[in-house]
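Note sheet for the following structure.
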Amino acid sequence: MIYLKNKLYTSEEASEVIGVTPRTLYRYVKKGAIKAETRTASGTLRFTREEIYKYLYPDKYLEIIEQIKKNEQEENKLYDILPEEQPATPKAQTENKTSQASQITHAQADKDKKDTQQESQSVAKNTQPKKEEKDEALSKLLESLEETTPAKTDAKTPDNERQEEAPKTTQPKNTSIAPEKAEQKKEEGTKQETEWKYYINENKSIIDLAKEINTLSSETQRKYAATMYGGLSLHHDIPEFTIVHFYVKDTDLDWWVKELELVPTNDPKRANICLIPTKDNTLFEKSYKLRGLYVVSNERLMQDLLSKGEKDLAKTLA
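Residue 1 is where the sequence shown starts when you use the UniProt record's numbering, and the numbers rise one by one after that.
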């Protein structure tokens, strides 16, 4: 039988004890197979040891919990009965052994308490305003990054692009266009076709979603690339944010929505994820892996930030 401490367990911890993935655990919660004690502001779940025992041992979980509590009560009684320091005499050897065992138990209890406090303090700086515990694989989003100096490029704002492209509209239909201009026009058409689609998953935090996207991409070879706040946070620490943005292939959009169990929303302020479908394969070819996640090129990241009015954040890439 597995012994569990009396505390609230994260979805990652609970799924590890049960022997399933966090994604499967969320499905169990949705079906009512296991009950979550609380749900945090960012959508992550917390489980009591009672609920975990109930799932693992449905026929005898009450007996198990009662026995564990009884053992814990007996240990607590020992703390009250035994003095902190007990003289070591030949006649009290047995008592000395009990005192040593009690001290070891106290030390272990203090260690467990510190471990629990450290777990609760291991939170994501870039998640919800209420700091939530971060998955180890994605806590790297918040650690300092080895400075990567992006190649300086003349990033164009949407307004500048429209001004530079304006003369093209006056050209006759049969006039040939230079290869460079044709490529530039193709890229502009791709941008115009891009639509930012907002979704929400109330059962998952932005950290959960980012982790699941990366896992699903590795399993299916489907492409993605982070941008906006999530992409920039891979370069360095930024202020708190509550939504992540990912480019995906337009042909994969419905698949991602289904696998991530997303619900569309017209209110970007309610959304915790934005998928940007695109036909531009060069976007994924230029993306690169940074601290475990794929991120768009520095030029595209800067363009996206500027397009959403985040000039100060865009300057940090220059």
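From the three backbone atoms N, C-alpha and C, an ideal C-beta is built for every residue, glycine too.
Every value quoted in this text rests on a predicted model; they were computed, and no experiment measured them.
Secondary-structure assignment with DSSP links R46 through a beta bridge to T10, T38. Your pair A36 and R46 checks out as a contact, with CB atoms roughly 6 Å apart and the cut at 8 Å. K286 and I273 have their alpha carbons spaced roughly 22 Å apart. When the Cα atoms are used, S217 and T38 turn out to be separated by approximately 30 Å.
Residue state for F241 is assigned as coil, using DSSP reduced to three classes. When secondary structure is reduced to three states using DSSP, Y3 falls in the coil class, being assigned neither helix nor strand.
The beta-bridge partner set that DSSP reports for K197 consists of L275. The beta carbon of P22 sits closer than 6 Å to those of S11, E12, S15, all from its chain and outside the five residues before and after it, given in chain order.
Judged by DSSP in its simplified three-state form, T265 adopts coil rather than helix or strand.
Secondary structure note for K289: its beta strand (DSSP E) is the uninterrupted segment 288-290.
Around the beta carbon of L62, a 10 Å sphere encloses fewer than 16 other beta carbons of the protein chains shown; the residue is thus reported as exposed. K223 sits in coil when the DSSP states are folded into three classes, being neither helix nor strand.
The beta carbon of L305 sits closer than 6 Å to those of L313, A314, all from its chain and outside the five residues before and after it, given in chain order. Secondary structure at Y57: coil, using DSSP grouped into helix, strand and coil. M228 sits close to K308, with the two beta carbons spaced by under 8 Å.
A residue is called buried when at least 16 other Cβ atoms come within 10 angstroms of its Cβ; E212 meets this threshold and is buried.
For L293, the enclosing beta strand (DSSP E) begins and ends at 293-295. Excluding its 5 nearest sequence neighbours in each direction, I65 has C-beta neighbours in its own chain below 7 Å: E50, Y53, listed in chain order. One Cα belongs to N281, the other to A226, and the distance between them is close to 15 Å.
With contacts defined as CB atoms closer than 8 Å, V263 and Y199 qualify as a contacting pair. A direct Cα-Cα distance of roughly 17 Å separates Y288 from I276. In this chain, T251 is not harboured by any alpha helix (DSSP H), its DSSP state being neither H nor E.
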